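Reviewing the structure listed below.
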Amino acid sequence: MTEIRLYRHAQSELNIRRDLVGGRSNQTRLTQLGESQAVALAWHLQSENYSPDVVFSSPAIRAIHTGRIALLGHGIKEDDFITDYGLQELSQGHAEGGPRETIYTDEIRARIGVELEEFAFEGGESMRQTGQRMLNDWLLPTLEKFPDADRIVAFTHGFAIKCLAAQVEDGWDHSRIRFHSVPNVSETTLFYDRQSAALTVGDVGKVTVAD
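The letter at position 22 of the sequence shown is residue 23 when you use the working numbering, and the numbering goes up by one with no holes.
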């Protein structure tokens, strides 16, 4: 059995700018609180004596820094981190960084209500496309490349995590993907049965660090 842990990055500068559309925004850095959250995650993992066989991160600075702070004190070296573009956040295309007030017009909201998981801004991705990317561009190739790994960990993003869960487990409609809470530095777990090649979802957005 392979355990796959997905950690959402710690608080970033865009997390406190609720007036702006986030999306990938890969250059966004951690806040001071975010750095403290990543340190707290490091202590949490140390208390579990957690040691992964393979470590991944999305190319976003906030995810890379979260992973390094959380794991570099556990015998994991910088060279051990594998950056994978399949782990990026859902792309909001031309809307990224724009003001929500002007981006989410009545017309856009009406489109979302009709298109649901298939909605995407121009140049961006839908929820379904994001989940398929996470599954087909990252997870399945990773399981094939590291067939003997018992523990795989990745530092990634909230919507990307939920969209992946929706690809693996039934019951994740647009509303659940949108509103299910996946806090900063929360833990999501998937399991891969190497004998049956079955993927299952465990906890999604399990809190690891108290506010």
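Even for Gly, the Cβ is constructed at its ideal location relative to N, Cα and C.
Because the structure is a prediction, the values reported are computed rather than measured.
Candidates the options, of which the one nearest residue i by Cα
i	options	result
A199	S182, L140, E126, C164	L140
D81	E170, V208, G159, A155	A155
R297	G24, V40, Q38	Nothing about residue 297 can be read from this structure; the chain reaches only from 2 to 212.
D204	T3, E188, V210, D194	E188
N137	A161, L46, G98	A161
D194	I77, G35, D107, L144	L144
G76	M2, D107, L46	L46
S182	L191, S197, K163	K163
G213	D85, L73, N50, A121	An answer regarding residue 213 cannot be provided, because it is not within the stretch 2 to 212 covered by the chain.
D54	R6, L42, E14, E119	R6
L31	R112, R69, D151, D107	R69
Buried/exposed call for residue i, threshold 16 Cβ in 10 Å
i	result
T103	exposed
I109	exposed
R44	Per the sequence shown, residue 44 should be read as Trp rather than Arg. When all chains shown are included, W44 counts as exposed.
G132	buried
E123	exposed
For residue i, three-class secondary structure by DSSP
i	result
V210	coil
S37	helix
L117	helix
Limits of the beta strand (DSSP E) - the one that residue i falls within
i	result
S58	55–58
Residues sharing a beta bridge with residue i, DSSP
i	result
T157	R9
A199	D194
Boundaries of the alpha helix (DSSP H) in which residue i is found, first to last residue
i	result
E145	141–146
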